[in-house]
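Structure first, then comments.
Chains as they are written, first to last, in the numbering used here: chain D, 9 to 209; chain W, 55 to 521.
Shown next as structure tokens:
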């Protein structure tokens, strides 16, 4: 997995609350057996009309946001299904971080497995960053993972909370499975004990 | 010993490793797999030269993509990409030696219906699946939740998940339900009360007299939608009803093992003075038959209510509510019971079990549908067989319903069960998101009895008027 350290980039504003996984990547694109290539269908039904033409008003279709690497979104981003196709599509489009007041739990976890940083901040902070994002491509936001800060184009900085283990994995681009495999002895021991205690499992 | 919740007890029994910072490896007892969220995980295993650690605890069934028409054995009923996904699962199940119910097997069905039906899901277990509605299995007092594809690969390889413990939330439904009010009305009403993010970071335990009174089928409906309230998992403490449901199922323990299991299962309840981080109490008698009006499962109102105006909400919800009203083509002040519908869909992991079909049949007996199209999709081949044996299928067919084979079908419309943009559907499924059932589709969520009533009148209807 790619390492995430520091990012300075264009942020696109999406103030809608409860942006769900069906909006992020509609079900017709889940029939793939690959992880790549979903970026073109990110937000498909908001982004294209019935003829498949771009809807010019949609934020990521606007010239100033086509290269966005950050989303600033309304509350409860990523609610709905467990589809990892949602972070795959974001990643494939080029989104590396999402800022919101809150995230749905499964989506939040899925982001970290794909090198995407979801940042939860208080409402006031998200409002400031949303306004900053609305300024367009000249306003670049900076995310510093090591110091856990997001800084607006005006230099206003906000600290965010993050689980230490998730941060460590993201900063070093670590593969979870490899890390867990190192603890195979603990799993073996647990399994043997559980087999004694609950043989019916 | 300090008092514990049910969640605490199951959690503690499954921690295989705990790091100094509190990050745990949680051991997984059952891993359910379907064709949409697993191909990339199996590919990951192959690329890394890894195997499945516990194939005996891994159960796969294709459900999301499969056609539900009687001619589905004919490969041409599936689109090419769907066929590739189902064939990939066929191959992965065979290559890695996991339990498998292929499309041709009478036991095939929606993964969350097949698991309990076959006795794979048992009290006190940890159950995961690459599907958010895994919460369903919590009805047995199992800790069950959805995971992403990377986590599917992690569980396949290690039989564990990297987890931090969530918080404890109690949702108590006191007293009795009024006639015409069902498990679906409970679970939708809870989401209406707490919002779609109200459970984020929590595991919910549902309790109270109204929950105890529910059948196992009803309890599965309640837990199924815990995720729609933002909670990873929903739980109900096991009791005699649970044990009775489980006993004798193909993969349930037998003989001395049954006795040993039962002894442990009877300890699985929240202690009286256990700590709760959040408590929500709803009076059972206050719950009415409900429907959703918007594009979020929290947009819930009693069928007797009017469509709300966007101004009646606060903050970011004002804009979202207006967007919902526009998408749904509704006017504030319009009576919900005046909304005409085109299609009725009865099925899904939320309401595709035998009790749901019985409830629908009770309303439909001797009646005809007044909608363009109505479809019943049983949750498994065995549910279908039982409904035929009980004569329910004849009632559905005589009423004008299509009587289908098992699968996820119109709940997310990944298979050919789709309709045209702008059509309005009364559905017993779990999500009313924009485009969920198809581009431009308008979905109203409700119970099977309410959906059956809507099929008969052609509009959203208070089922109590037909009882």
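Ideal Cβ positions, reconstructed from N, Cα and C, are used throughout, including at glycine.
Given residue i, which residues of its chain have a CB within under 6 Å of its CB, disregarding the five upstream and five downstream residues?
i, result
"residue 423 of chain W", "453, 454, 509"
"residue 375 of chain W", "364, 367"
"residue 142 of chain W", "93"
Whose C-beta lies closer than 8 Å to the C-beta of residue i among residues of the same chain, with five residues either side of it excluded?
i, result
"residue 179 of chain D", "11, 12, 13, 153, 154"
"residue 30 of chain D", "88, 89"
"residue 203 of chain W", "91, 92, 94, 95, 184"
"residue 463 of chain W", "122, 399, 401, 402, 429, 431, 469, 471"
"residue 183 of chain D", "9"
"residue 218 of chain W", "76, 77, 78"
"residue 271 of chain W", "237, 407, 408, 409, 410"
Determine the burial state of residue i: buried for a count of at least 16 other Cβ atoms within 10 Å of its Cβ, exposed for fewer.
i, result
"residue 91 of chain W", "buried"
"residue 275 of chain W", "buried"
"residue 204 of chain D", "exposed"
"residue 73 of chain W", "exposed"
"residue 306 of chain W", "buried"
"residue 392 of chain W", "exposed"
"residue 133 of chain D", "buried"
"residue 124 of chain W", "exposed"
"residue 517 of chain W", "buried"
"residue 486 of chain W", "buried"
"residue 505 of chain W", "buried"
"residue 279 of chain W", "buried"
Can a CB atom of chain D be found closer than 7 Å to the CB of residue i?
i, result
"residue 248 of chain W", "no"
"residue 93 of chain W", "yes"
"residue 286 of chain W", "yes"
"residue 121 of chain W", "no"
"residue 216 of chain W", "yes"
"residue 75 of chain W", "yes"
"residue 185 of chain W", "yes"
"residue 391 of chain W", "no"
"residue 340 of chain W", "no"
"residue 472 of chain W", "no"
"residue 142 of chain W", "yes"
Return the chain-ordered list of same chain residues with a C-beta closer than 7 Å to the C-beta of residue i, the five sequence neighbours on each side being excluded.
i, result
"residue 175 of chain W", "84, 169, 181, 191, 194, 196"
"residue 352 of chain W", "245, 246, 249, 250"
"residue 451 of chain W", "457"
"residue 467 of chain W", "491, 492"
"residue 341 of chain W", "231, 235, 239, 240, 243"
Just checking my contact of residue i with residue j at CB under 8 Å: how many whole Å lie between their CB atoms?
i, j, result
"residue 127 of chain D", "residue 168 of chain D", "5 Å"
"residue 87 of chain W", "residue 162 of chain W", "Rounded, the Cβ-Cβ distance is 13 Å, inconsistent with contact."
"residue 49 of chain D", "residue 97 of chain D", "6 Å"
"residue 415 of chain W", "residue 449 of chain W", "5 Å"
"residue 79 of chain W", "residue 197 of chain D", "The Cβ separation is near 11 Å, so there is no contact."
"residue 62 of chain D", "residue 102 of chain D", "Not quite, the Cβ-Cβ distance comes to about 16 Å (not below 8 Å), so this is no contact."
"residue 440 of chain W", "residue 408 of chain W", "5 Å"
"residue 524 of chain W", "residue 188 of chain W", "Residue 524 of chain W falls outside the range modelled here, since chain W spans only 55 to 521, and no answer is possible."
"residue 319 of chain W", "residue 297 of chain W", "7 Å"
Taking only beta-carbon positions, decide if residue i is within less than 7 Å of chain W.
i, result
"residue 53 of chain D", "yes"
"residue 87 of chain D", "yes"
"residue 63 of chain D", "no"
"residue 272 of chain D", "The displayed coordinates of chain D run from 9 to 209. Any statement about residue 272 of chain D would go beyond what the structure contains."
"residue 173 of chain D", "yes"
"residue 59 of chain D", "no"
"residue 143 of chain D", "no"
"residue 82 of chain D", "yes"
"residue 69 of chain D", "no"
"residue 165 of chain D", "no"
"residue 110 of chain D", "yes"
Using a C-beta to C-beta distance shorter than 8 Å, which residues of chain W count as neighbours of residue i?
i, result
"residue 34 of chain D", "489, 493"
"residue 189 of chain D", "211, 212"
Would the beta-carbon of residue i be found less than 6 Å away from any heavy atom of the ligand PLP?
i, result
"residue 82 of chain W", "Annotation note on the ligand PLP: not contained in the displayed structure, which lists no ligands."
What does residue i reach in chain W if we use C-beta pairs closer than 7 Å?
i, result
"residue 26 of chain D", "250, 350, 374"
"residue 123 of chain D", "What residue 123 of chain D touches in chain W: nothing, since even the nearest Cβ is about 11 Å away."
"residue 38 of chain D", "90, 468"
Listing by chain order, which chain D residues have their CB less than 9 Å from the CB of residue i?
i, result
"residue 485 of chain W", "28, 30, 88, 89"
"residue 81 of chain W", "195, 198, 199, 202"
"residue 208 of chain W", "121, 184, 185, 188"
So with CB distances below 9 Å, who are the chain W contacts of residue i?
i, result
"residue 42 of chain D", "93, 94, 97"
"residue 23 of chain D", "370, 373"
Along chain D, which residues have their Cβ under 8 Å away from the Cβ of residue i?
i, result
"residue 255 of chain W", "113"
"residue 476 of chain W", "In chain order: nothing, as chain D lies at least about 11 Å away."
"residue 71 of chain W", "191, 194, 195, 198"
Which residues in chain D sit within 7 Å of residue i, going by Cβ to Cβ distance?
i, result
"residue 177 of chain W", "Result: empty, since nearest Cβ-Cβ is about 11 Å, beyond 7 Å."
"residue 307 of chain W", "208"
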